[in-house]
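Student:
Residue numbers (the numbering used here), protein chains in the order written: chain A, 1 to 10; chain B, 1001 to 1215.
1) Using the three-state DSSP reduction, which class does residue 1103/B fall into: helix, strand or coil?
2) Rounded to whole angstroms, what is the Cα-Cα separation between residue 1142/B and residue 1092/B?
3) Determine the closest residue to residue 1094/B out of 1119/B, 1127/B and 1034/B, with distance taken between C-alpha atoms.
4) Between the stretch 1050–1077 of chain B and chain A, which residues of the former have CB atoms less than 9 Å from a CB of the latter, in chain order?
5) In this structure, how does DSSP classify residue 1154/B when only helix, strand and coil are distinguished?
6) Under three-state DSSP, which class holds residue 1117/B?
7) What is the C-beta distance between residue 1067/B and residue 1018/B, in whole angstroms, given that I count them as a contact (C-beta under 8 Å)?
8) Check the Cβ of residue 1079/B against every Cβ in chain A and list those closer than 9 Å, keeping chain order.
9) First and last residue of the alpha helix (DSSP H) that includes residue 1239/B?
10) Using three-state DSSP, classify residue 1043/B as helix, strand or coil.
11) Note down the Cα distance separating residue 1117/B from residue 1192/B, rounded to an integer number of angstroms.
12) Return the first residue and the last residue of the alpha helix (DSSP H) that residue 1141/B is part of.
13) Rounding to the nearest angstrom, what Cα-Cα distance links residue 1171/B and residue 1082/B in this structure?
14) Give me the Cα-Cα distance between residue 1165/B and residue 1031/B, rounded to the nearest whole angstrom.
15) So, at 6 Å on beta carbons, what are the nonlocal neighbours of residue 1038/B in its own chain, with the 5 sequence-adjacent residues on each side left out?
16) Report buried or exposed for residue 1189/B, applying the criterion of at least 16 other Cβ atoms within 10 angstroms of its Cβ.
17) In the DSSP assignment, the alpha helix (DSSP H) including residue 997/B goes from what residue to what residue?
18) Please name the residues in the stretch 1003–1031 of chain B whose beta-carbon is closer than 9 Å to at least one beta-carbon of chain A, in chain order.
19) Less than 7 Å between the beta carbons of residue 1120/B and residue 1108/B, yes or no?
20) In terms of alpha-carbon separation, which member of 1203/B, 1200/B and 1162/B lies closest to residue 1011/B?
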């Protein structure tokens, strides 16, 4: 889902 | 975490440390655009809203704190430090950077992955980061003098997003459902903006001459 993955990058 | 992303984060870290080192040791911010630094501070502020609510890892939290701390201290140095601020050349740093923010905000409201405040703010930070370097590049064209540390700072800053592009390619092929067009397009645009600077940086490095940007 969109929320999780992209937020683990700085 | 993959090697490209680690290299990207380390290059990004190196860029802010080079800048802090320059300003702190020689007490000068000659050739540095305050506006670009203010935009980066806003980028980190709007991107790391979930700093205390969404724990990813120790590394992630520490790096976020370093980027927030360094970007705000650089802005403080150039604005407030009694010695450094005298070397700030505001007549050359004339880019209307707040005009840059509105298109990013409007775009983030219409093009995002989820219409929530946090996601729109995060998307805004992605768009803003892509163009935050513009005031600095304009200032360089104007002043034409690039001291080594400033040149290294901009080179590292451009290289970090290039490493991130490799990271996105790697993750696209190794993780299913890893698709983030918004970040990818903005990241490519951001790296392209450094394109001609890279060209002249390598020319000067290859010919071992002082870095000169054409008028």
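A virtual CB, placed ideally from N, CA and C, is assigned to each residue, including glycine.
Tutor: Concretely, from the data shown:
1) helix
2) 7 Å
3) 1034/B
4) 1050, 1054, 1056, 1057, 1060, 1063, 1064 and 1067
5) helix
6) helix
7) Wrong, their Cβ atoms sit about 14 Å apart, outside the cutoff.
8) Going along chain A, no residue has its Cβ under 9 Å from residue 1079/B, so there is no contact; the nearest lies around 25 Å.
9) Any property of residue 1239/B remains undetermined from this structure, which presents chain B solely from 1001 to 1215.
10) helix
11) 29 Å
12) 1134–1143
13) 46 Å
14) 28 Å
15) 1075
16) exposed
17) This structure does not reach residue 997/B, given that chain B is present from 1001 up to 1215, and the question cannot be answered.
18) 1005, 1008, 1009 and 1012
19) yes
20) 1162/B
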